[in-house]
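Residue numbers (the working numbering): 31 to 530. Worksheet: the structure to be examined is printed underneath.
Following this line, the structure appears as structure tokens:
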């Protein structure tokens with residue numbers, strides 16, 4: 031009777047965790063600060079369904095699958111940033127349900143409840159899986175591969191589907207290639223000959239697609255997938271890079287996710303023997319753990335450094351933490367159990383309180399995407415569907431107004447390359463000279479610039495020329511403060527022959 035009450039309690043906790051996760055996700059969809067990446071991921075989703083290819087026809091600094099996935103939904107319904115965020119929410123909810131289901135399969139309802147609450151209280155991660163980035167899709171593909179590997183029936187097909195998921199993950203974000211390696215190796219060891227052939231065909235198809243996207247300009251692919259990222263180290267020596275990794279990045283990673291680091295440390299210290307035995311008896315969990323650790327590694331050594339890169343790894347680790355926590359908890363004496371309880375409760379509280387509130391934006395007096403919609407409505411009213419606009423950071427405006435930007439402006443402010451015009455055009459980017467020439471030619475019907483954009487133009491030496499051209503050929507029709515990711519200033523100019 032007592033055990034049944036405990037099971038019912040943990041069932042309730044698991045359901046509550048999923049409900050809270052959905053509620054917090056919806057909150058971030060509505061009130062979460064806009065992120066510049068959302069504009070260029072969604073704009074890429076538009077371009078690929080117009081027949082353009084990533085790297086060759088427009089710049090795109092990830093592997094190419096995500097735009098094709100998000101673009102399906104953007105083409106089924108009226109496109110927009112809200113729709114993109116809802117798509118991310120859909121992916122994230124499925125991933126959360128898979129995680130809780132997997133933990134129940136490997137352990138019990140207590141483990142499911144703990145896992146669900148870890149998902150529900152990771153406010154920082156919930157934000158990043160509620161906006162349009164690669165993280166929600168990546169976490170879903172990771173969890174699907176874990177789920178298919180753990181399925182008891184249809185052994186052959188589950189391995190093929192797991193392989194397909196990790197290949198798709200690698201096609202979503204290049205660093206996920208390292209997540210795929212241990213899983214693919216495991217599958218090749220246990221799969222039948224027929225399954226191996228199918229998996230080789232899947233992998234070869236993915237490679238062939240990447241090769242097709244690499245021609246005729248292989249250098250464009252190299253720039254987007256490698257040079258752009260590695261180049262962010264700038265001119266640091268190898269010794270300085272090592273110092274950066276061990277002196278700043280790893281401590282910063284631990285500090286940023288300190289509550290989860292503390293929980294993992296407590297689990298390992300109190301139950302390392304049981305963990306070793308459990309992983310030995312459950313090889314799939316060990317393989318996914320190895321994949322998750324490998325996924326972390328490239329983010330420590332590439333030039334760009336953002337804590338958000340580790341969000342998918344943290345969510346996947348919740349599944350493993352839930353399983354291992356309950357495995358060692360039941361074998362502890364009373365005092366170690368109290369330690370685990372305190373650490374777990376602290377993890378829930380700190381996860382909910384820390385950093386998530388930083389991504390809530392009510393500065394403009396409206397929900398963030400409503401601010402974008404208001405500016406987009408002006409752009410829609412003053413332009414025709416065939417008109418082009420010029421927007422850097424404000425690429426969200428092109429999405430919600432359903433307008434096209436000029437060539438080279440597909441990656442928001444990241445479209446701006448501090449190099450000569452020939453190099454910028456080769457990689458489908460712009461520099462100050464190209465932006466100024468666009469305005470001088472009167473090509474954009476409307477020009478949308480933020481204070482961040484003006485900073486980039488100032489550094490290029492073209493800001494004064496552009497301002498003169500705007501004052502001569504365009505009219506400033508909107509200037510709004512507290513706008514966008516940085517809550518800065520946005521200006522909208524309309525070509526004089528278009529002014530009402």
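Using N, Cα and C, we set each Cβ at its ideal position, and we do this for glycine too. Small disclaimer: the values here were computed from a predicted structure and weren't measured.
Q) Tell me which same chain residues have a C-beta within less than 7 Å of the C-beta of residue 344, skipping the five on either side of it? A) Walking along the chain shown from the start, residue 344 turns up at place 314. Cβ neighbours of residue 344 beyond the five flanking positions: 152, 155, 287, 290.
Q) Taking the runs of the alpha helix (DSSP H) that are 4 residues or longer, which of them lie wholly in the segment 213-263? A) 223-243, 248-252
Q. Under 8 Å between the Cβ atoms of residue 91 and residue 336?
A. What you label residue 91 is simply residue 61 of the chain shown in a count that begins at 1. What you label residue 336 is simply residue 306 of the chain shown in a count that begins at 1. For residue 91 and residue 336, no; Cβs fall outside 8 Å.
Q: Have a look at the DSSP bridge pairing and note the partners of residue 510.
A: To locate residue 510, count along the chain shown from 1; it is residue 480. Answer is 520, bridged to residue 510.
Q: Please name the residue or residues paired with residue 84 in a DSSP beta bridge.
A: Reading the chain shown from its first residue, position 54 is the one you call residue 84. Looking at the DSSP assignment, residue 84 forms a beta bridge with 88.
**Q.** Whether residue 128 touches residue 71 by CB criterion (8 Å)
**A.** Here the question's residue 128 lines up with position 98 in the chain shown. Here the question's residue 71 lines up with position 41 in the chain shown. Cβ atoms of residue 128 and residue 71: not closer than 8 Å.
Q | Close beta carbons around residue 397, own chain, < 7 Å, minus the five adjacent residues each side | A | Translated into positions along the chain shown, residue 397 becomes position 367. Closer than 7 Å at the Cβ level, and outside the excluded window around residue 397, lie 60, 61.
Q: Please classify residue 185: is it buried, with 16 or more other beta-carbons within 10 angstroms of its beta-carbon, or exposed?
A: Position 155 of the chain shown, counting from 1, holds the residue named residue 185. Residue 185 should be labelled exposed.
Q | the segment 484-498 in contact with the segment 371-380 per 3-pair CB rule at 8 Å | A | no
**Q.** Residue closest to residue 93, alpha-carbon to alpha-carbon, out of 35, 255, 188, 194
**A.** As a position in the chain shown, residue 93 is number 63, starting the count at 1. The residue with the shortest Cα to Cα distance from residue 93 is 255.
Q | For residue 316 and residue 216, the rounded distance between their alpha carbons | A | On the chain shown, position 186 is the one that residue 216 refers to. On the chain shown, position 286 is the one that residue 316 refers to. When rounded, the distance between both Cα atoms is 11 Å.
(Q) Can you give me the C-alpha to C-alpha distance between residue 96 and residue 305, rounded to a whole angstrom? (A) For the purposes of this step, residue 96 is taken as the residue at position 66 of the chain shown. For the purposes of this step, residue 305 is taken as the residue at position 275 of the chain shown. Using only the alpha carbons, I get a separation of about 36 Å.
**Q.** Proximal residues to residue 410 (C-beta, below 6 Å), its chain only, five neighbours per side dropped
**A.** As a position in the chain shown, residue 410 is number 380, starting the count at 1. Correct list, in chain order: 431.
(Q) Comparing C-alpha positions only, which one of 435, 504, 442 sits nearest to residue 64? (A) The count along the chain shown starts at 1 and reaches residue 64 at position 34. Minimum Cα distance to residue 64 is reached at 442.
Q | Where residue 438 falls: helix, strand or coil (DSSP) | A | Residue numbering aside, residue 438 sits at position 408 when the chain shown is read from its first letter. It is coil, neither helix nor strand.
Q: Tell me whether residue 529 sits in a helix, a strand or coil according to DSSP, three-state version.
A: Residue 529 sits at position 499 when you count from the first residue of the chain shown. Since pLDDT at residue 529 reaches only 46, below the 50 mark, its modelled position is unreliable, and no value is offered.
**Q.** Closest by C-alpha distance to residue 351, when choosing among 244, 412, 147, 526
**A.** Counting from one through the chain shown, the residue named residue 351 turns up at place 321. With distances taken between Cα atoms, residue 351 lies closest to 147.
Q. If we call anything under 8 Å between Cβ atoms a contact, is residue 321 one with residue 190?
A. Mapped onto the chain shown, residue 321 falls at position 291. Mapped onto the chain shown, residue 190 falls at position 160. Cβ distance not < 8 Å, so residue 321 and residue 190 don't count as in contact.
Q: Could you spell out the range, first to last residue, of the alpha helix (DSSP H) harbouring residue 275?
A: By one-based count along the chain shown, residue 275 stands at place 245. That residue, residue 275, is in no alpha helix (DSSP H); it is neither H nor E in DSSP.
Q | Where residue 461 falls, given that 16 or more other Cβ within 10 Å makes a residue buried | A | Taking the first residue of the chain shown as position 1, residue 461 is located at position 431. The residue is buried, with at least 16 neighbouring Cβ atoms inside 10 Å.
Q | Close-in-space but distant-in-sequence residues of the same chain around residue 157 (CB under 7 Å, 5 per side omitted) | A | The residue given as residue 157 occupies position 127 in the chain shown. Hits under 7 Å: 58, 62, 386, 389.
Q: May I ask you to list the residues that DSSP assigns as paired with residue 338?
A: Within the chain shown, the letter at position 308 stands for residue 338. Beta-bridge pairing links residue 338 to no other residue.
Q.
Could you check whether residue 435 and residue 451 sit closer than 8 Å to each other, using their CB atoms as the reference points?
A. Translated into the one-based positions of the chain shown, residue 451 becomes position 421. Translated into the one-based positions of the chain shown, residue 435 becomes position 405. Going by C-beta atoms, residue 451 is not nearer than 8 Å to residue 435.
(Q) Can you give me the C-alpha to C-alpha distance between residue 167 and residue 342, rounded to a whole angstrom? (A) Mapped onto the chain shown, residue 167 falls at position 137. Mapped onto the chain shown, residue 342 falls at position 312. Rounded to the nearest angstrom, the two C-alpha atoms are 9 Å apart.
Q | C-beta contact flag for residue 523 and residue 465 at 8 Å | A | Position 493 of the chain shown holds residue 523. Position 435 of the chain shown holds residue 465. No, the pair does not count as a contact, with Cβ atoms beyond the cut-off.
Q) What are the partner residues of residue 505, as DSSP defines its beta bridges? A) As a working mapping, residue 505 is identified with position 475 in the chain shown. In the DSSP output, where bridge partners are listed per residue, residue 505 has 524.
Q | Limits of the unbroken alpha helix (DSSP H) element including residue 492 | A | Position 462 of the chain shown, counted from the start, is the residue given in the question as residue 492. Neither: residue 492 is in no alpha helix (DSSP H) and is coded neither H nor E.
(Q) Just list the residues that DSSP pairs residue 479 with in beta bridges. (A) Mapped onto the chain shown, residue 479 falls at position 449. BP columns for residue 479 point to 521.
Q: Closer than 8 Å by C-beta to residue 330: which residues in its own chain qualify, once you throw out the five before and the five after it? Chain order, please.
A: Numbered from 1 along the chain shown, position 300 holds the residue referred to as residue 330. Once the five neighbours on either side are set aside, the close Cβ partners of residue 330 are 275, 279, 280, 283.
Q) Starting from residue 416 and walking both ways along the beta strand (DSSP E), at which residues does that stretch end? A) Numbered from its first residue, the chain shown carries residue 416 at position 386. Counting along the chain, residue 416 falls outside any beta strand (DSSP E), and DSSP gives it neither H nor E.
(Q) Along the chain, where does the alpha helix (DSSP H) containing residue 285 start, and where does it finish? (A) Here the question's residue 285 lines up with position 255 in the chain shown. Run containing residue 285: 280-286, per the alpha helix (DSSP H) assignment.
Q: Report yes if the CB atom of residue 517 is closer than 8 Å to the CB atom of residue 391, and no otherwise.
A: Here residue 517 corresponds to residue number 487 of the chain shown, with the count starting at 1. Here residue 391 corresponds to residue number 361 of the chain shown, with the count starting at 1. Yes.
Q | Nearest to residue 81 (by Cα), restricted to the options 66, 69, 101 | A | By one-based count along the chain shown, residue 81 stands at place 51. Answer by Cα proximity: 101.
Q: Just grab the DSSP bridge partners of residue 460 for me.
A: Stepping through the chain shown from its first residue, residue 460 is reached at position 430. The partner list for residue 460 (beta bridge, DSSP) reads 446.
Q: May I ask you to report which of helix, strand or coil DSSP gives residue 421?
A: Translated into positions along the chain shown, residue 421 becomes position 391. Strand.
Q. With a CB to CB cut of under 7 Å and the five nearest residues on each side skipped, what residues in its chain are close to residue 505?
A. By 1-based counting over the chain shown, the position of residue 505 is 475. Hits under 7 Å: 523, 524, 526, 529.
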